[in-house]
Amino acid sequence: MKVATWNVNSIKVRLEHVLAWLDREQPDVLALQEIKTKDEDFPVDALRARGYSSIVSGQAGYNGVALVSRIAPAEVAHGIGGYVDEQKRVLGATYAGVRIYSLYVPNGENPESPKYRYKLGWLAALRNLLSVELTRYPQLAVAGDFNVAPDDRDVYDPAAWAGSVLCTPAERAALASITELGLRDSFRLFDQPPGKYSWWDYRAGNFRRNRGLRIDLVLASRSLSQTCTNCRIDPEPRGWDRPSDHAPVVAEFSTQ
DNA sequence: ATGGCCTGCAACGCAGGA
């Protein structure tokens with residue numbers, strides 16, 4: 030099973046990129062973030078014409094996540110149960126026995142912002158959700174924009190980013206408390222060359238200079254991670270005309 | 001170069017992203 034994640038920064042603007050990328054990569058499941066559209070405006074028909082069905086948790090203008098797949102979804106779950114959140118950031122479903130989540134973790138703005146406290150509370154609630162999900166679904170993948178660079182290898186200039194949002198010790202600890210449940214960062218299951226990132230600021234020619242961060246992850250439960258055959262970031266769409274600022278990340282599993 | 005962009009919404013500037 031091929032599972033991918035991509036923060037598209039507006040599905041309306043990026044639809045042609047997504048369709049072209051699906052045609053080429055043929056993932057079984059693609060988790061999308063920042064679709065920035067209401068459910069009824071999601072391009073279900075264009076995706077269906079490519080052989081993909083869609084489930085959507087959208088909102089107007091901001092946030093919004095979706096799962097598009099060649100496999101029929103079951104047991105669809107919206108949001109974090111028991112945690113009230115107007116912002117649409119979590120969508121889960123079961124695909125051929127594998128539980129898959131599309132996540133859009135809050136950005137946090139800066140460590141002094143109320144949005145940063147929201148982010149840390151949100152991550153704590155997510156941890157609770159995933160600890161329960163792991164008891165129900167041994168095969169669990171959590172794919173999304175985590176808005177946390179797990180460690181300094183995931184930052185082009187760790188000294189410049191030290192203490193900044195996406196890199197603070199509290200954010201990294203919150204992410205570690207999730208991976209310590211038994212959810213492994215698929216990318217780090219394999220030897221990887223340095224300088225591999227999934228997001229580059231639109232400004233300052235940062236992509237051309239590879240000044241990026243790795244904040245888009247596919248986490249896999251112990252059982253699922255044992256079947257992982259590779260994980261890679263595809264930087265190509267970041268170089269296309271009018272790109273998202275994020276690149277897709279792909280993990281492959283040898284389940285059936 | 002110590003800064004450079006992009007999106008949606010509602011308008012012609014803002015909020016938000018990371």
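Going by my numbering, the first residue of the first sequence is number 30, and it counts up by one from there.
For glycine and all other residues, C-beta sits at the position ideal for the given N, C-alpha and C.
*Between A203 and V247, is the Cβ-Cβ spacing less than 8 Å?*
no
*Would R213 pass as a contact of P179 if the rule is Cβ separation under 8 Å?*
no
*Beta-carbon proximity check, V47 vs I100, cutoff 8 Å*: no
*In the structure shown, what three-state DSSP assignment does A122 receive?*
strand
*Spatial neighbours of G211 within its chain, please: CB distance less than 8 Å, with the 5 preceding and 5 following residues excluded, ordered by chain position.*
L163, S250 and R251
*asked:* For a test of the three-state rule: what should DSSP assign to D245, helix, strand or coil?
replied: strand
*For S227, which of W35, M30 and K31 has the nearest alpha-carbon?*
W35
*asked:* Can you tell me whether P223 is buried or exposed? The criterion is at least 16 other CB atoms within 10 Å of its CB, across all chains shown.
replied: exposed
*If you pair each beta-carbon of the segment 128-138 with each one of the segment 90-97, do three or more pairs fall below 8 Å?*
yes
*Taking the CB atoms as reference points, tell me whether L242 and L195 lie closer together than 8 Å.*
yes
_Excluding the 5 residues flanking S273 on each side, which residues of the same chain have their C-beta closer than 6 Å to its C-beta?_
V37, N38 and R43
*asked:* Taking the alpha-carbon of S98 as reference, which of D263, G268 and T123 has the nearest alpha-carbon?
replied: T123
_Distance between D181 and P102 (C-alpha atoms, nearest Å)_ = 36 Å
*Would DSSP call V73 helix, strand or coil?*
helix
*What did DSSP end up calling K31 once you bin it into helix, strand or coil?*
strand
*asked:* In the DSSP output, which residue or residues are listed as bridge partners for C257?
replied: F282
*Identify whether A276 lies in helix, strand or coil by the three-state DSSP scheme.*
coil
*Which word fits Y231, buried or exposed, when buried means at least 16 other C-beta atoms lie within 10 angstroms of its C-beta?*
exposed
_Suppose the cutoff is 6 Å on Cβ atoms and the five residues either side in sequence are ignored; what does the same chain contact list for G137 look like?_
K144, Y145, K148 and V194
*Quickly, what does DSSP pair R213 with across the bridge? List them, please.*
A249
*Take D256 as the anchor and find which of R240, P167, A205 and S160 has the nearest alpha-carbon.*
The residue asked about is misnamed: residue 256 is Thr in this sequence, not Asp. Looking at the Cα atoms, P167 is the closest of the given residues.
*Cβ separation of W287 and P277, assumed to be a contact under 8 Å, to the nearest whole Å*: What the structure shows of the chain is the stretch from 30 to 285, and residue 287 is not part of that stretch, so it cannot be assessed.
_CB contact flag (I207, A154, <8 Å)_ = no
*Starting from the Cα of E265, find the closest Cα among I244, T284, S254 and K225 and give me that residue.*
K225
*Straight-line CA distance for A205 to E141?*
22 Å
*Taking the DSSP output, what are the residues bridged to S50?*
Sequence check: residue 50 is Trp here, not Ser. Paired residue(s): none; W50 is not in a bridge.
_Within a Cβ cutoff of 8 Å, which residues of the same chain sit near P135, ignoring the five residues on either side of it in sequence?_
Q116, R118, K144, Y147, K148, W151 and N176
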